[in-house]
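Participant: Mind looking over this structure? Questions follow.
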Amino acid sequence: MSAKEKAEPTGTFWDHLDELRGCIIRILCVVALFAVVAFCFKDLLFSIVLAPSSSEFISFRLLGVAPFSIHLMNTGLTEQFMIHIRVACYAGLLAAMPYVVYQLFGFVSPALYEKERHYAVRVVSASYLMFMLGTLVNYFLVFPLTVKFLGTYQVSPEVNNMLTIQSYTDTLVSMNLVMGLVFELPVLSWLLAVMGILKPGYMTMYRKHAMVAILIVSAIITPTTDAFTLFVVALPIWLLYESSIFIVRLTVKK
Numbered sequence: 002m003s004a005k006e007k008a009e010p011t012g013t014f015w016d017h018l019d020e021l022r023g024c025i026i027r028i029l030c031v032v033a034l035f036a037v038v039a040f041c042f043k044d045l046l047f048s049i050v051l052a053p054s055s056s057e058f059i060s061f062r063l064l065g066v067a068p069f070s071i072h073l074m075n076t077g078l079t080e081q082f083m084i085h086i087r088v089a090c091y092a093g094l095l096a097a098m099p100y101v102v103y104q105l106f107g108f109v110s111p112a113l114y115e116k117e118r119h120y121a122v123r124v125v126s127a128s129y130l131m132f133m134l135g136t137l138v139n140y141f142l143v144f145p146l147t148v149k150f151l152g153t154y155q156v157s158p159e160v161n162n163m164l165t166i167q168s169y170t171d172t173l174v175s176m177n178l179v180m181g182l183v184f185e186l187p188v189l190s191w192l193l194a195v196m197g198i199l200k201p202g203y204m205t206m207y208r209k210h211a212m213v214a215i216l217i218v219s220a221i222i223t224p225t226t227d228a229f230t231l232f233v234v235a236l237p238i239w240l241l242y243e244s245s246i247f248i249v250r251l252t253v254k255k
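Heads up: the sequence shown runs through residues 2 to 255, numbered per our numbering.
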């Protein structure tokens, strides 16, 4: 093994532990810095967070959705302040994600072979991009349609909906995280194909089984059990599965 492929390990276990601790501290500091900035820009932050609750949201205007209004309310004394902190922390984490990935990769990369480092760069970059893509798809499509359907649904005109701000923000954050993770499917499929574990024939053979699994996962992701929300969530996952088959087929041929 040449030095070009992999550097000789230096330092003791405690040295590496100190390096990891420093890496984590730097990450926490940067995330906290972005969170403080997001906290200070409260009006801008919540104009973005609350935008899908209005018919003036860009996705609704592009889809030609009829005007509607959803009124959010607060039921706790400290609830709005705590929601402000949680949303700011989540926004800080999203904004600092490139730095987080860079720090973690910088800590791990010295222990990798040159070929492993090459694949690691591609996997990490693709994972980050797909996670952000999943977050955007949820914010601009899945979550707005879910809010519009459930927020305006009434069993009777005499029963008004009273949605809390906590329920709204918790649903948004949780669906963002889950959709971001679900969008890692093509990256995981490519990695398994490179390792020789996954073949395109397997995925096409079990396509029907995959559809059942997608419906089950979609039912777990969605905060409700209505068919509309289930379809909105299941459609992007099915498209990801089909694109994964294409990626695996190209990888195996190459």
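Yeah, the Cβ is synthetic: ideal placement off N, Cα and C, and Gly gets one too.
Pick helix, strand or coil for Ser70, following the three-state DSSP scheme.
Facilitator: It is a strand residue.
Participant: Between Ser70 and the rest of its own chain, which residues show a CB-CB distance below 8 Å, the 5 nearest in sequence each way excluded?
Facilitator: So the list reads Ser55 and Ser56, once near-sequence residues are dropped.
Participant: Output yes if chain B places a C-beta closer than 8 Å to the C-beta of Asp171; else output no.
Facilitator: Absent here is chain B; the protein component of the structure consists of one chain.
Participant: Could you tell me which of Glu115, Pro53, Ile59 and Val88 sits nearest to Ala33, measuring between CA atoms?
Facilitator: Per the Cα distances, Val88.
Participant: Whole angstroms are fine: how far does the CA of Leu241 sit from the CA of Val124?
Facilitator: When rounded, the distance between both Cα atoms is 17 Å.
Participant: In terms of DSSP beta bridges, what is Ser55 paired with?
Facilitator: Note: Ser55 sits in a beta bridge opposite Ser70.
Participant: Relative to the C-alpha of Cys41, which candidate in Ala92, Ile166 and Asp171 has its C-alpha closest?
Facilitator: Checking every option, the nearest Cα to that of Cys41 belongs to Ala92.
Participant: How would you call Tyr140, buried or exposed, if buried means at least 16 neighbouring beta carbons within 10 angstroms?
Facilitator: Tyr140 is buried by the Cβ-count criterion.
Participant: By the 10 Å Cβ neighbour count, where 16 or more other Cβ atoms means buried, how is Ile217 classified, buried or exposed?
Facilitator: It counts as exposed.
Participant: Are the CB atoms of Met204 and Ile246 within a distance shorter than 8 Å?
Facilitator: In this structure, Met204 lies closer than 8 Å to Ile246 by Cβ.
Participant: Can you tell which of Met98, Thr76 and Gly197 has its C-alpha closest to the C-alpha of Ile28?
Facilitator: Per the Cα distances, Met98.
Participant: With a threshold of 6 Å on Cβ separation, who are the neighbours of Cys24 within its own chain once the five nearest residues in sequence on each side are excluded?
Facilitator: Result list for Cys24: Gln104 and Phe108, in chain order.
Participant: With distance defined between alpha-carbon atoms, name the residue in Lys149, Val102 and Tyr154 nearest to Phe132.
Facilitator: Comparing Cα-Cα distances from Phe132 to each of Lys149, Val102 and Tyr154, the minimum goes to Val102.
Participant: Report the partner residues of Thr165 according to the DSSP bridge assignment.
Facilitator: For Thr165, which the question treats as bridged, DSSP gives the partners Met74.
Participant: What beta strand (DSSP E) runs, 3 residues minimum, are completely inside the stretch 78-109?
Facilitator: Counting whole runs of 3 or more residues, the stretch 78-109 contains no beta strand (DSSP E) stretch at all.
Participant: Should Met2 be labelled buried (16 or more other beta-carbon atoms within 10 Å of its own) or exposed?
Facilitator: The predicted model places Met2 with a pLDDT of 44, which falls under 50 and marks its position as unreliable; any figure quoted below should be read in that light. Counting Cβ neighbours within 10 Å, Met2 comes out exposed, since fewer than 16 surround it.
Participant: For Lys200, which of helix, strand or coil comes out of DSSP?
Facilitator: Lys200 falls in the coil class under three-state DSSP.
Participant: Could you tell me the alpha carbon to alpha carbon distance between Ala220 and Ile238, rounded to whole angstroms?
Facilitator: Near 12 Å, if we compare the C-alpha coordinates of Ile238 and Ala220.
Participant: If distances are taken between C-alpha atoms only, which option among Gly152, Gln167 and Leu192 comes closest to His119?
Facilitator: Of the listed residues, the one whose Cα sits closest to His119 is Leu192.
Participant: Considering just the uninterrupted stretch of the alpha helix (DSSP H) at Phe294, what are its terminal residues?
Facilitator: An answer regarding residue 294 cannot be provided, because it is not within the stretch 2 to 255 covered by the chain.
Participant: Should Asn177 be labelled buried (16 or more other beta-carbon atoms within 10 Å of its own) or exposed?
Facilitator: Buried.
Participant: In terms of alpha-carbon separation, which member of Ala96, His17, Thr252 and Ala121 lies closest to Phe35?
Facilitator: It is Ala96 whose Cα lies nearest to the Cα of Phe35.
Participant: Suppose you measure from the CA of Asp171 to the CA of Met196; what does that come to, to the nearest Å?
Facilitator: Taking the straight line joining both Cα atoms gives about 38 Å.
Participant: Report buried or exposed for Thr1, applying the criterion of at least 16 other Cβ atoms within 10 angstroms of its Cβ.
Facilitator: Given a span of 2 to 255 for the chain in the structure shown, any question on residue 1 remains unanswerable.
Participant: Which whole-angstrom value describes the C-beta separation of Lys200 and Val253, a residue pair presumed to lie in contact below a C-beta threshold of 8 Å?
Facilitator: Their Cβ separation, rounded to whole angstroms, is 6 Å, which keeps Lys200 and Val253 in contact under 8 Å.
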